[in-house]
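J.: Encoded as structure tokens, here's the structure I'll be asking about.
Numbering (my numbering), first residue to last: 312 to 1069.
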């Protein structure tokens, strides 16, 4: 009997191992890859207009491996290659085919071949070439025998769920609504997703208000001036089942929309003196194709590749920039003398509702994706010193900085020994990987207890040397240090500090990104992350957050914390209402004289003119920067300049454990924080802002980045033990089954032994 028990246990363990193997295999991500493309076995190579052309396809994946998969082919006339069309493949997994009826363009009778195949982010072609184009090694030819194929026929009703589609907005700007008629849409449909294509792009767009006034948002990464057509519609029923319909089944109207050209730079140049001090003014001559509200810019130092960028704005009226204002916009930072150039320019126009601004164009000297334009204008100037620089011999020396880890993975914590008794409010370290020509910029957390940084998600593999540092003390004064010699206004350090970053990523549930390094590929990775992910975006070098960041988390339990100096903007994807580009730069100052009559002690928080935010946002402002409030109970008000009164936002709040004042907002403008309450005669009866804060007590903990950093983001053993993955749950269940089986076998053995004794 003991032998039987042993065999049973071994069998159960074997089943567990097999289950875990299959679970890992099932969870492994499989990328589609074209392995076969041919005409189906019984498919004739000659077809009529209404015939289906059946294909034999192999993508190396199954239906369960991919969530959304809408492959398409491009066909071309063998003799006249300008006669071409793109059609989506229907019934991909069971009996794939394409059909040419209801094509918006005409195809003449003749011989055709499949020249391209598109799927996800892959493009196979035997017609076009390029760095991102894979060779199409399959030769598929067929003949159309009709004189012409036109798309004017009636649309057949499809299972009584949707009769047809008509895009009623013919032109739209990026991030603008595109209204669509979903004719005969059944009430059993809960969600609708579309798939638009154009300019070599294929983008999924969700539909909103599908049963009242359906629309989708024109994606931010589309190309201005190009035309995009709806190719596939996915219908999701209330029970979760899905149905995919191609445009050849649905179109009974217009299915295309053109991306409207926004304002573009015609010319820009610096006028007058280009050697200025922090007390002077820079003058610009800026001409744009359309009227703009203002332009914002990022300036960078020419001879300092490790230094940070500085953000500033100019208006079209005076086209002047006060250099002294840069420090204010950067919240008490200082800009040292040197040679500078403009690296990025953003153009802003009125938003759709007329009372907010919208970024309509981004020009860059180093564009990272197709949504950005190349800045072809060279705009250089010099900031001169107004005082004699201190002699480096009289400057206090910097003690060597050491890292407590020699190697790290992406998302890992790296603890830092500053070897200093001085208290800092901010420390920036810039590491350089010379082999990969890559810079890793990090900001230290937990500065005055146990400083550390987290390796950003955008970091590439290699060895990094510390090259540049910026220290900000409690009084807001900044000191710059560089490794490669001393420049005017920048001190020198001579110690070595290196770390090796491995390619692997630690599973910490945290992504750390630098805003000016976010590309379309990074946005796609954010969208692919599982829920409960926490994303930190450092925006000091570029405070303009693209709408695609918010689109990537919309509707999901994913949290982003945007950090602009000592101000944090925290959004959760479940609260995103409408993705839009915003400027997170903030100016903090003492209350102006005209507000002295409403409050004694307080500060003004001046946000950029974003109007309504993408959704509810938790603002966190470090109390060290608000010394006039002295960490006491504080009241927050929204200052309505139009009505010249105030809305209550949050009353009697105190600084959190990590030294931040926190309150929720959903629109930008001017806010004030005061120690006392404002005279009631100046306070509005509008309680909407106050209700936003009083109705969200349970979310503060989940959104608080300090809480997150000390729990979810930790890679300590105690934190790892608290995480229970799906695999762990399976193991626990299997162990439970083993114990139960052993008990059952033991009981049966006991019964058998008693019987044998009798």
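Note that CB positions come from ideal geometry on N, CA and C, so glycine has one too.
As the structure is a prediction and not an experimental result, all values here were calculated from the model.
How close, in whole Å, do the beta carbons of residue 767 and residue 813 come, if the pair is a contact with beta carbons under 8 angstroms?
T.: Wrong, their Cβ atoms sit about 14 angstroms apart, outside the cutoff.
J.: Please report the Cβ distance between residue 821 and residue 781, rounded to the nearest whole angstrom; I am assuming they are in contact, meaning their Cβ atoms lie under 8 angstroms.
T.: Going by Cβ atoms, the distance from residue 821 to residue 781 rounds to 24 angstroms, so no, they are not a contact pair.
J.: So, for residue 520: in the same chain, excluding its five sequence neighbours on each side, which residues have a beta-carbon less than 8 angstroms away from its beta-carbon?
T.: Same-chain partners within the cutoff: 526.
J.: With DSSP run on the structure shown, which of helix, strand or coil describes residue 861?
T.: Three-state DSSP puts residue 861 in a helix.
J.: Return the chain-ordered ranges of every beta strand (DSSP E) run that is complete within the region 512-589 and spans a minimum of 3 residues.
T.: 512-517, 526-528, 538-548, 553-557, 567-570, 576-582
J.: Just verifying my parser: in three-state terms, what is the DSSP assignment at residue 613?
T.: Residue 613: coil per DSSP, three-state reduction.
J.: Which value, in whole angstroms, describes the spacing of the CA atoms of residue 639 and residue 898?
T.: With a pLDDT of 38 at residue 639, under the threshold of 50, the predicted position of this residue should be treated as unreliable, and no value is reported.
J.: Residue 486 and residue 891 - do their beta-carbons sit closer together than 8 angstroms?
T.: If you check the CB distance, residue 891 and residue 486 come in under 8 angstroms.
J.: Counting only the same chain and skipping the five closest in sequence on each side, list residues whose C-beta sits under 6 angstroms from that of residue 759.
T.: Scanning its chain for C-beta atoms nearer than 6 angstroms, with the 5 sequence neighbours on each side dropped, one finds around residue 759 the residues 734, in chain order.
J.: Measure the C-alpha to C-alpha separation of residue 865 and residue 837 and round it to an integer number of angstroms.
T.: 11 angstroms
J.: So, at 7 angstroms on beta carbons, what are the nonlocal neighbours of residue 747 in its own chain, with the 5 sequence-adjacent residues on each side left out?
T.: 771, 773
J.: Between the alpha carbons of residue 840 and residue 823, how many angstroms are there, rounded?
T.: 13 angstroms
J.: Just how far apart, CA to CA, sit residue 980 and residue 894?
T.: 12 angstroms
J.: Using the Cα positions of residue 605 and residue 568, report the straight-line distance between them to the nearest angstrom.
T.: 28 angstroms
J.: Looking at residue 571: is its Cβ nearer than 8 angstroms to the Cβ of residue 482?
T.: yes
J.: Can you check whether the CB of residue 383 is closer than 8 angstroms to the CB of residue 399?
T.: yes
J.: Determine the direct distance from the alpha carbon of residue 625 to that of residue 574, and round the result to whole angstroms.
T.: 16 angstroms
J.: Determine the extent of the beta strand (DSSP E) in which residue 728 is found, giving its start and end residues.
T.: The continuous beta strand (DSSP E) containing residue 728 extends over residues 724-728.
J.: Could you give the first and the last residue of the continuous beta strand (DSSP E) run that contains residue 834?
T.: Careful: residue 834 lies outside any beta strand (DSSP E), inside the alpha helix (DSSP H) at 831-839.
J.: For the putative contact between residue 1001 and residue 959, defined by C-beta atoms under 8 angstroms, what is the C-beta separation to the nearest angstrom?
T.: Indeed, because the Cβ distance is near 4 angstroms, the residues count as touching under 8 angstroms.
J.: Starting from the N-terminal side, write out each stretch of the beta strand (DSSP E) that is 3 residues or longer and does not extend beyond the region 672-699.
T.: 691-694
J.: Do residue 456 and residue 359 have their C-beta atoms within less than 8 angstroms of each other?
T.: A contact, by the Cβ cut-off of 8 angstroms.
J.: Does DSSP put residue 946 in a helix, in a strand, or in coil?
T.: If DSSP states are grouped into helix, strand and coil, residue 946 belongs with the strands.
J.: Closest by CA to residue 502, which one among 532, 551, 536?
T.: Nearest of 532, 551, 536 to residue 502, Cα basis: 551.
J.: Pop quiz: residue 472 and residue 436 are said to be a contact at Cβ under 8 angstroms. What is the actual Cβ separation, rounded to whole angstroms?
T.: Not quite, the Cβ-Cβ distance comes to about 35 angstroms (not below 8 angstroms), so this is no contact.
J.: Smallest Cα separation from residue 621: which of 850, 953, 859, 996?
T.: 850
J.: Identify whether residue 991 lies in helix, strand or coil by the three-state DSSP scheme.
T.: helix
J.: Strictly by DSSP, which residues pair up with residue 846?
T.: 822, 871
J.: At what residues does the alpha helix (DSSP H) containing residue 427 begin and finish?
T.: From DSSP, residue 427 is part of no alpha helix (DSSP H) but of the beta strand (DSSP E) over 421-430.
J.: Any chance you could list the beta strand (DSSP E) runs of at least 3 consecutive residues sitting entirely within the region 358-383, in chain order?
T.: 363-369
J.: Taking just the CA atoms, how far does residue 964 sit from residue 912?
T.: 15 angstroms
J.: Skipping 5 residues on each side, what residues in its chain have a beta carbon closer than 6 angstroms to that of residue 738?
T.: 755, 782
J.: For residue 683, which residues from the same chain have a beta carbon less than 6 angstroms from its beta carbon, with the 5 sequence-adjacent residues on both sides left out?
T.: 673, 675
J.: Pairing CB atoms from the region 443-453 with CB atoms from the region 343-358, are three or more of them under 8 angstroms?
T.: yes
J.: So residue 544 packs on residue 505, CB below 8 angstroms; how close in whole Å?
T.: 6 angstroms
J.: What's the call for residue 801, buried or exposed, on a 16-neighbour Cβ count within 10 Å?
T.: buried
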